[in-house]
Structure formats: structure tokens, C-alpha cells
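Protein chains: 2
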Amino acid sequence: MSQINRRLLHKDAPIGVFDSGVGGLTVAREIMRQIPNEKIIYFGDTARVPYGSKSRETVTRFSEQIVRFLRTFQVKTIVVACNTASAYALDVLEKDIDIPIIGVIKPGAKVAVEVTKNGRIGVIATDATIGSQMYHKYIKELNENVTIYGKACPLFVPLIEEGLLEDPVTDEIARRYLAELIDIDIDTLILGCTHYPLIRSALGRIIGEKVTLVNPAYETARELKGMLKDLDLLNDEKPGLGSNLYQFYVSDKAEKFVRFANSIIKYGILSAKTINIEEY
Amino acid sequence: MSQINRRLLHKDAPIGVFDSGVGGLTVAREIMRQIPNEKIIYFGDTARVPYGSKSRETVTRFSEQIVRFLRTFQVKTIVVACNTASAYALDVLEKDIDIPIIGVIKPGAKVAVEVTKNGRIGVIATDATIGSQMYHKYIKELNENVTIYGKACPLFVPLIEEGLLEDPVTDEIARRYLAELIDIDIDTLILGCTHYPLIRSALGRIIGEKVTLVNPAYETARELKGMLKDLDLLNDEKPGLGSNLYQFYVSDKAEKFVRFANSIIKYGILSAKTINIEEY
Chain A
104 MSQINRRLLH KDAPIGVFDS GVGGLTVARE IMRQIPNEKI IYFGDTARVP
154 YGSKSRETVT RFSEQIVRFL RTFQVKTIVV ACNTASAYAL DVLEKDIDIP
204 IIGVIKPGAK VAVEVTKNGR IGVIATDATI GSQMYHKYIK ELNENVTIYG
254 KACPLFVPLI EEGLLEDPVT DEIARRYLAE LIDIDIDTLI LGCTHYPLIR
304 SALGRIIGEK VTLVNPAYET ARELKGMLKD LDLLNDEKPG LGSNLYQFYV
354 SDKAEKFVRF ANSIIKYGIL SAKTINIEEY
Chain B
104 MSQINRRLLH KDAPIGVFDS GVGGLTVARE IMRQIPNEKI IYFGDTARVP
154 YGSKSRETVT RFSEQIVRFL RTFQVKTIVV ACNTASAYAL DVLEKDIDIP
204 IIGVIKPGAK VAVEVTKNGR IGVIATDATI GSQMYHKYIK ELNENVTIYG
254 KACPLFVPLI EEGLLEDPVT DEIARRYLAE LIDIDIDTLI LGCTHYPLIR
304 SALGRIIGEK VTLVNPAYET ARELKGMLKD LDLLNDEKPG LGSNLYQFYV
354 SDKAEKFVRF ANSIIKYGIL SAKTINIEEY
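Chains as they are written, first to last, in our numbering: chain A, 104 to 383; chain B, 104 to 383.
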């Protein structure tokens, strides 16, 4: 990371959070729960979703545009609430930025290493995240004796976006994706895509109760809280009424986003604004 | 359409063909079969695929960028080989262009009206194409006594991209999507998304042999041939060796595109070039 200029950052500035679409709302939800005084500017790249099947170069270019957009709000920190963007772009984003920026992969890797007893961890994620081997890298840095098994699950996001959260088809696809992870006796499974907590119960039923499911969203919000505390950047006071605590921006289909957001977050999201992200 | 300046167009100029990704290759394949002397410049927008879940404004902006890119090759005509882009953007594209441009919806509508006997036509397509009601509009213009039933099938594209062309899961999803079309006794089914011919056999098995499947790709190539003939723009001579008969461009993941393309088109596609479409 570039040198952070703490003096330019304000406690009451908002936190920028972004994802390829709606999945990152599971991370935003955890931030709202754990540090309720914080303002959030959320961006979902709904015009170019999904990221998980695209290349490092493309995902990095998209992420750089979004960071430029979020910085127009003088955010005090940015959370990359998308596993694919964290896997492909975080290293590059960190180099060019003078505010703290965190992804979801390192926190998820950390809790998985703490949780495993038999040293066999499974990761399910998009093609891109699995291909990047970033969970592998972070886990090995923490404990080189752990074995990691990655499995790309490209159909989960479309099935979730179609609303088939409890459905025999989703169960059948999950049985196929998880079969080899069951065979090799993992005891910990990282939900390495921000959509996957939405089918947590189906995944738990199929993988079996002996396997602990790790949701990086919770751990990411915890790490964010700790980092803001260390930097003396936690907002001390609850923002007053009318202070626009949470603002949502998307690159397409604001109405559909709001409908989905309200099914995930129970704060009564009234609106999202559409912007042309290609201009940033 | 703006006035076409025929004198500026050359018989041996290439034809521009575009799609959100690989689906339009089923249209390119038909053009290659029916008018084998023609050069083709194909563009697949693999960085921003899919289009079928996105808005009219976004799909139109993307399509305008692609038309600007294709025109850098002095194409003599453009084929919008994507149902969603044809539904949302063709009207706007036609207004601003002085070369002929055709989509896939009008040709598909035409053949469906010719084929139906009981006057009950089903259309399966993306959310966007169904929502646009463009098949409905064109069919009613041809025969107002025909009844059209549209059904959005958002999971077909991800299932096809995952390679589940012959699979119980695809069959189960198809049974759900097609159930109401079977109930209302259609005799003709338009495959209103360029991906769908790839699961033609599963669709045929489920909808039953009494229903005729219409693939707009074939009819689009036929209409293109007729239009070029009328304008005296058909290429009289087979281009020689080394003339780059078919060129492929994408906005991301050229290698994956080439693999998929070679499974659809039997001409030995060797390479595709990646460009940044946002610059156009």
C-alpha cells in the first residue's frame, strides 16, 4: 500500500464498498451490523456483472474505475466486497492508493485457518477466484501445513440471481460441485463468493454438519472495524436523521437492484442511483 | 434507416457481425454456409456479457460502441447477431447509420408466421428480449390474428456456457420454462436467443415433435443474402488464400472464445484479438 496520509482522513467520512453487483450486500450488511455509526457508499457494477468469468486485466480495469468513482465521495476507506475483484485487483489497487483498502479473501483465509482441525480446507468460488489461487496463497502464509482444495462453481450465481435458493435444481448442482470436496474429507468450507451465503442452508445440508462453513463477510467487517479503530477513524457519533447513512449506486437497473437489496438488508433501502461507470 | 450511400460501399468489403459473446456465432455459421464468398468481422462483447439481464439504455450504449468499432473496418453491412441488442438497440442504430444493418428478430418473426398452422406461436428468450415485446410487434405487423406467448428463460445461457447441453438439470429447467407453452398448445417455438440452438435437441424432446422450432439464424442469413443481392453487394469472387476471410475480436478472454468458437464453427478458428471496446 502507498503511504496513508491519516491527516487527510475524517472520522465522519463514509466507507466505500463495491461489488460486481448485489453479492457485496452480504458484506455491507455485516458492516452495518458491526459498526452501525458508519456511513456507506455502495457501488454495484450491474452493467458489467458478472466478474467471475472474466480476465484479470478486465476485472482490474473495472475495479480501478470504481475506486475513482468512490473517491469522489472522499471515502476514508474502501472495502472490495467481491472475491473476484479482491483476487485479481487488490494488489494493483493497493499500490496506487493513499487510503486504506481491504478485500474479503485475507479475512476469510484467516478464520478458516483458525477453524480447521484436520487441516483440510475447501474453497468454493467463481472460476476467476479459484484460478487466481489467492485463498491458497493467503492460507499457506498463515499455516503451510494446511491443504486447500478449490472448486469453481460457475452456476451458483445465476441460480441465486434467479431466486432458486431452496430448490432441487440448486441442490443437484451443489451435490455435483461439492462431491469431490466431500470425498477428500474437508472439515472447513470457505464460501468464496459473496453470493454464496444466500444458499448457505442448502450448502450446509449437502456438505454435512461436520464441515464448518466460513462466511468471509463477517470476518471482513470485523477486520474493517479493527483497522478503523487502530487508525482512530471509527465514527464516534451516530449520524443524525437525514444524513444519508447508506447510499447505493449502480451502473444499470437500479430498480431491480433495490428489490434484491431489500431482500438481503433489512434497513428499508428506498433508492439506488444509476451512473455511467465507464466515464471514471 | 438513414439514406444509404451505395456508391461508398464495396462488394469485397467485409460484413460486420456482433453479439454479447459467443451466441452470435450460430448466426455467423449460417452466413458462412449460405454466402461463403463473404468476409466477416465478428465481435463478441465478452467483457460485458450477458446483455439479456441489462437495460435498454445500457445495451444501446454498448451496441453503439461496437458499431463504431466495426465501422473502422469499412464493413459494407452490419448484422446484429444478438436478440437482446436487436430488440433494444436496432431502432436507434438504424437512425444514425448510412450502411444497411439488420437484426435477428424480424427474420425470425417472418418465418414463424409462415410456419404456424394454428396461429399460436411461443417465443423463448432473455428477460430483455421478452420484455421488449419486439417479436410480438413484428409478428402482429405480419399477421394480427396470430397469438404470441413469450417466456423468459434466464438460466439457459449460463447452463449452455457451462456446457450442460445434454444434461438432466438442463432438461428439468427446460420442463419448467416450457410447461406453460405446452399447456397453451403452441405449434411453433421461436428460439429467440442465439445460444438456444445449442440445446435444440433437449428443447425439441421436451416441447414435443408437433411443435416446429424456428432458428432465426438461418432466416437472418437468408435475408442478408437477399439484401446484398438487391443492392448488388454480394462478393462475386471467392477471396484468395491469405485474405483473412474471417476475423474475430472480443473484449475479453480471447482464448476461451476461440475454444468455444471451434466447437460451434468447423472452419478451424485459430485466434481472436482482444480490444478495449470502451474506447470506441
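Ideal Cβ placement from N, Cα and C applies to all residues, glycine included.
#1: Using the Cα positions of residue 166 of chain B and residue 134 of chain A, report the straight-line distance between them to the nearest angstrom.
#2: Comparing the C-beta of residue 268 of chain B with each C-beta of chain A, is any distance below 8 Å?
#3: In the DSSP assignment, what are the bridge partners of residue 228 of chain B?
#4: Which one of B:143, B:216, B:149 and B:107 has the shortest CA to CA distance from residue 357 of chain B?
#5: Excluding the 5 residues preceding and the 5 following residue 341 of chain B in the sequence, name in chain order all residues of the same chain whose CB lies nearer than 8 Å to its CB.
#6: Using C-beta distances below 7 Å, list every residue in its chain close to residue 277 of chain B, excluding the 5 sequence neighbours before and after it, in chain order.
#7: Quick check on residue 188 of chain B - is its C-beta less than 8 Å from some C-beta in chain A?
#8: Entirely within the region 227–315 of chain B and at least 3 residues each: give me those beta strand (DSSP E) ranges in chain order.
#9: Could you give the DSSP three-state label for residue 207 of chain B: helix, strand or coil?
#10: Run through the DSSP bridge pairs and tell me what residue 144 of chain B is partnered with.
#11: Which stretch, first to last residue, makes up the beta strand (DSSP E) that contains residue 181 of chain A?
#12: In the DSSP assignment, the alpha helix (DSSP H) including residue 219 of chain B goes from what residue to what residue?
#13: In the structure shown, what three-state DSSP assignment does residue 341 of chain B receive?
#14: How is residue 149 of chain B classed by DSSP in three states: helix, strand or coil?
#15: At a CB-CB cut-off below 8 Å, which residues of chain A make contact with residue 157 of chain B?
#16: Any beta carbon from chain A within less than 8 Å of residue 300 of chain B's own beta carbon?
#17: Does the region 290–304 of chain B come close enough to the region 221–228 of chain B to have 3 or more Cβ pairs within less than 8 Å?
#18: Given a cut-off of 8 Å, decide if residue 296 of chain A and residue 126 of chain A are closer than it, judged by their beta-carbon atoms.
#19: Can you confirm whether the region 105–117 of chain B touches the region 199–209 of chain B when touching is taken to mean that 3 or more C-beta pairs between the two stretches lie within less than 8 Å?
#20: Straight-line CA distance for residue 232 of chain A to residue 210 of chain A?
#21: Below 8 Å, how does it come out for the region 154–166 of chain A and the region 181–195 of chain A: are there three or more Cβ pairs, yes or no?
#22: Determine the direct distance from the alpha carbon of residue 362 of chain A to that of residue 207 of chain B, and round the result to whole angstroms.
#23: Going along the region 113–126 of chain A in order, which residues come within less than 7 Å of chain B, judged by CB to CB distance?
#24: Got a sec: is the Cβ-Cβ distance from residue 139 of chain B to anything in chain A below 8 Å?
#25: Using a 10 Å radius around the Cβ and a threshold of 16 neighbouring Cβ atoms, would you call residue 245 of chain A buried or exposed?
#26: Mind listing the chain B neighbours of residue 161 of chain A? Cutoff is C-beta to C-beta under 7 Å, in chain order.
#27: Quick one: does residue 306 of chain A have its CB under 8 Å from some CB of chain B?
#28: Distance cutoff 8 Å, beta carbons only. Does residue 381 of chain B sit that close to anything in chain A?
#29: Going straight from the alpha carbon of residue 106 of chain B to that of residue 215 of chain B, what length do you get?
#30: Is the distance from the Cβ of residue 176 of chain A to the Cβ of residue 117 of chain A below 8 Å?
#31: Along the alpha helix (DSSP H) that carries residue 367 of chain B, what are the first and last residues, could you check?
#32: Mind pulling the chain A residues with CB within less than 9 Å of residue 257 of chain B?
#33: Buried or exposed for residue 267 of chain A, going by 16 or more other Cβ atoms inside 10 Å?
#34: Shortest alpha-carbon distance to residue 147 of chain A belongs to which of A:158, A:129 and A:236?
Once the coordinates are examined:
#1: 38 Å
#2: Interface with chain A (8 Å Cβ-Cβ cutoff): residue 268 of chain B is excluded.
#3: B:255
#4: B:149
#5: Closer than 8 Å at Cβ, skipping near neighbours: 139 and 140.
#6: 305, 306 and 309
#7: no
#8: 250–255 and 291–294
#9: coil
#10: B:119 and B:350
#11: 180–183
#12: For residue 219 of chain B, there is no enclosing alpha helix (DSSP H), as DSSP gives it neither H nor E.
#13: coil
#14: coil
#15: 149, 150, 355 and 356
#16: no
#17: Three or more beta-carbon pairs separated by less than 8 Å link the region 290–304 of chain B to the region 221–228 of chain B, which places the two stretches in contact.
#18: yes
#19: yes
#20: Distance between the alpha carbons of residue 232 of chain A and residue 210 of chain A: 15 Å.
#21: yes
#22: 32 Å
#23: Cβ contacts with chain B come from no residue of the region 113–126 of chain A.
#24: no
#25: exposed
#26: In chain order: 150 and 355.
#27: no
#28: yes
#29: 30 Å
#30: Yes, they are a contact pair.
#31: 357–367
#32: 261, 264 and 265
#33: buried
#34: Comparing C-alpha distances from residue 147 of chain A to each of A:158, A:129 and A:236 shows the shortest one belongs to A:129.
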